Structures are given as C-alpha cells and as structure tokens.
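*Asks:*
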Amino acid sequence: MKILRNFITFSLLLLSVAVFAQVERSRVVTLMGSKFEITLVDKDSLSAEKNIDKSIAEIRRIENLISEWNPETQISEVNRNAGIKPVKVDAEVFALTEQAIYFSKLTDGAFDISIVAMDKIWKFDDSMNELPSEESIKNSVKNVGYQNIILDKTNSTIFLKNKGMKIGFGSIGKGYAADKTRELMKSFGVKAGIINASGDIASWGTQPDGKPWAIGINNPFKDDKIAAVLYLKENAVTTSGSYEKYAEIHGKRYSHIMNPKTGYPSTGLTSVTVVGPNATMANGFSTSIMVLGKKEGLKLIKKFPEYQYLLITDSGKIIRNLKN
C-alpha cells in the first residue's frame, strides 16, 4: 500500500510538471515597414516557433489588406478610384474604416485617415529653418476630410468623394495587427505572449515564472531614466511621440504628427502613452491626444475610464493616471 501511494504521488508530480512546463521564445522581424517583436510562452520550443510563424503570417495578411503603399491592396484600389467609383472591400477592411471614422467624429477631425493625402510641405530631417507659408499650409489639406469618405454597409463599399483623396492606416494599423495577432494566438491555445509593433503592444498571460510583463515608458527628457514601468497581463499599450522625429524652428518644436484640420504639426505634447484593453483604440487615443493637446486630450480620455494615460509635455512635465 505504501508503494502504491508513492507511485500515485510521483505520477501526480509528473503530471504537474507536464502541465506547467513552458518555454518563452522571441523573434524580431520587419513588417508593415516597422520592427515587430513577437514573444510567445508556449508548451515547447517547436510549438512556439511554429506559432511565431503563424503570427508573422497574420501580420502580413493584414498588411496585404490595408497598406496604401502596396498597389495590390484593397485600400490602394480605393485610393485609385477616388472621385470615380465606390470599391467593394472585405468586411474586415470596412469595419476598420468604420472604426477610424468613429475616432474622427469623436475628436472633431483631430484624427483622420485621409491625412495621407496631405501635401508634404513639412520636413523633419533638420533641413527646415523657416515655416511654410500660410497659403501653402492651407492648401496642403485640400484633399483631407473624413466627411468625404462614403461608406455603404449594405454593399461593403468605400468611396472617396473627391479626386486626389487617399486613406491610410499608419495611425492605427500596427495596433490593429497586434490585437488580431493576440486574438489568433489565444485561439490556438497559446497561454501568454506579447506582440510589440514598434511600441504598439498587445499582451496576455504572464511570463513563464508567473510574473507580469514589464514595459518601460521612455522619458525623452532624461535619457538615463524612464517615466514609468507598466506591469501587463491582458493589456494593450501604445505611445505616440515627437521626440524622435520633429522640426525645431525659431526655438519651437514641431511634431511630425500633423493636425489634419489645420495642416500644422501638433505642439504642446512630446509623448502620449495610453493603456487599455485594445491596442487599436489605444492607438487612436494616443494619436488624437497628440493633436488635441493637453487640455482637450485629457477631456477626451477621461470619458473612457477603462483607458489610462501618461502625457509628457514639451516642457517635460508628466501628467499620469496609471493604475500600476
């Protein structure tokens, strides 16, 4: 009887090891024109590597739907037919466009996927030392305006009303890809992971040792310090900022993140980080707040209590509402 009890104990121990054995694997790849770091916690190395391959395939699938740079995508077809005719698109593309227009209405045009049609009169390569003329700035946004994106849900078509219009998903596309990849990996039974799309992050589960994922938010005014550490499980984090790409003219910093309504770069905020359940939404918020500025941006995000934030102003002041 004693031997039997020992055998049962040993069998349970082996079962426990089999259930909780996990490995962590990471891979860095260039997708959607940006660096993606895919980290998965899986049952073994082979499964993890295969699922990373599937993650990459999913991101490429999304890129091949929404990229405005690839002439073969549905969005490129929409852009080619601006002012000519509606274009039928997949339900997924239609839904993402709907979500983008939701943000445009929510922010009174501070967020606008038709901004890709804006004339490139601003340069952020240290070559500008004078502001463009007011007339050229005003003319630069002549083809921008979400109100002229016509959606037909019955026929699943998108029509850009005016010739010269274009739409693109650079503002929320990487966050969307991170969300969809997380969703796919969870459907395959991958218990934990983190999809980092150049700072647009979707995470789930925990590290193999049971600890949450730890993410540092850069402080662009203090190279040796971070502004905050976030501990993530089922979360999304996105950051929009001007600290790596901007123009400084007459002592004033102008962000590469443009205001679609005015044609001027955003000013006042150097970095905006948003934390919440969904990277696509967080992406929309972080981009919009950069354009809206501190006062209006805070007014917006406070309407959505499931989303937290950390703002860094152009003077280095940190404004935060983080739960961890």
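Counted from 1, the sequence shown has number 22 at position 22 by my numbering; the numbering is strictly sequential.
All C-beta atoms in this analysis are idealised placements derived from N, C-alpha and C, irrespective of residue type, glycine included.
Note that the structure is predicted; figures quoted are calculated from it, not measured.
Might you give, ordered along the chain, the residues of its own chain that have their beta carbon closer than 7 Å to the beta carbon of alanine 117, omitting 5 neighbours on each side?
*Replies:* Once the five neighbours on either side are set aside, the close Cβ partners of alanine 117 are Asn143, Val144, Gly164, Met165, Lys166.
*Asks:* From valine 291 to isoleucine 59, what distance separates their C-alpha atoms?
*Replies:* Computed Cα separation, rounded: 27 Å.
*Asks:* Give me the Cα-Cα distance between lysine 233 and alanine 91, rounded to the nearest whole angstrom.
*Replies:* 30 Å
*Asks:* Would you kindly work out how many angstroms separate the C-alpha atoms of aspartate 200 and leucine 160, rounded to a whole number?
*Replies:* 28 Å
*Asks:* Near glycine 83, which residues of its chain fall below 8 Å by C-beta distance, leaving aside the five closest residues on each side in sequence?
*Replies:* For glycine 83, where only same-chain residues beyond five positions count, the Cβ hits under 8 Å are Leu160, Lys161, Asn162, Lys163, Gly164, Met165.
*Asks:* Taking the runs of the beta strand (DSSP E) that are 3 residues or longer, which of them lie wholly in the region 116 to 141?
*Replies:* none
*Asks:* Evaluate threonine 273 with the Cβ neighbour count: other Cβ atoms within 10 Å of its Cβ, from every protein chain shown; 16 or more gives buried, anything less gives exposed.
*Replies:* buried
*Asks:* Compute the Euclidean distance between the alpha carbons of threonine 326 and serine 47, then round it to the nearest angstrom.
*Replies:* This structure does not reach residue 326, given that the chain is present from 1 up to 324, and the question cannot be answered.
*Asks:* Does DSSP classify arginine 5 as helix, strand or coil?
*Replies:* Its pLDDT being 40, under 50, arginine 5 is placed unreliably in this model, and the coordinates cannot settle the point.
*Asks:* Leaving out five residues before and five after lysine 294 in sequence, what residues of the same chain have Cβ atoms less than 8 Å from its Cβ?
*Replies:* Gly268, Leu269, Leu311, Thr313, Ile319
*Asks:* What's the C-alpha gap between lysine 323 and lysine 88?
*Replies:* 43 Å
*Asks:* Distance check for proline 132 and histidine 250, CA to CA, integer angstroms please.
*Replies:* 13 Å
*Asks:* Looking at C-beta atoms only, is the number of pairs between the region 32 to 51 and the region 190 to 197 that lie closer than 8 Å three or more?
*Replies:* The region 32 to 51 is in contact with the region 190 to 197.
*Asks:* Could you check what DSSP says for phenylalanine 103 in three-state terms: helix, strand or coil?
*Replies:* helix
*Asks:* Go ahead and pull the three-state DSSP assignment for leucine 12.
*Replies:* Note on leucine 12: pLDDT 40, under 50, position unreliable in the model; no value is reported.
*Asks:* What three-state label does DSSP hand phenylalanine 304 in the structure shown?
*Replies:* coil
*Asks:* Straight-line CA distance for valine 29 to valine 141?
*Replies:* Each residue's Cα considered, the two are about 34 Å apart.
*Asks:* From what residue to what residue does the alpha helix (DSSP H) around tyrosine 176 run?
*Replies:* 173 to 187
*Asks:* I'd like to confirm the pairing. Which residues does DSSP put opposite lysine 252 in its beta bridges?
*Replies:* Residue pairing by DSSP places lysine 252 opposite Ile249 in a beta bridge.
*Asks:* Tell me which residues share the same chain as threonine 287 and place their Cβ nearer than 7 Å to its Cβ, disregarding the 5 neighbours each side in the sequence.
*Replies:* Phe111, Ser171, Ser240, Ile257
*Asks:* Exposed or buried, which one is lysine 317 when buried takes at least 16 other CB atoms within 10 Å?
*Replies:* exposed
*Asks:* Under a three-way DSSP split, which group does glutamate 244 fall into?
*Replies:* Residue state for glutamate 244 is assigned as coil, using DSSP reduced to three classes.
*Asks:* Based on the DSSP secondary-structure assignment, which residues constitute the bridge partners of phenylalanine 159?
*Replies:* Ile150
*Asks:* What is the DSSP secondary structure of leucine 292, reduced to helix, strand or coil?
*Replies:* helix
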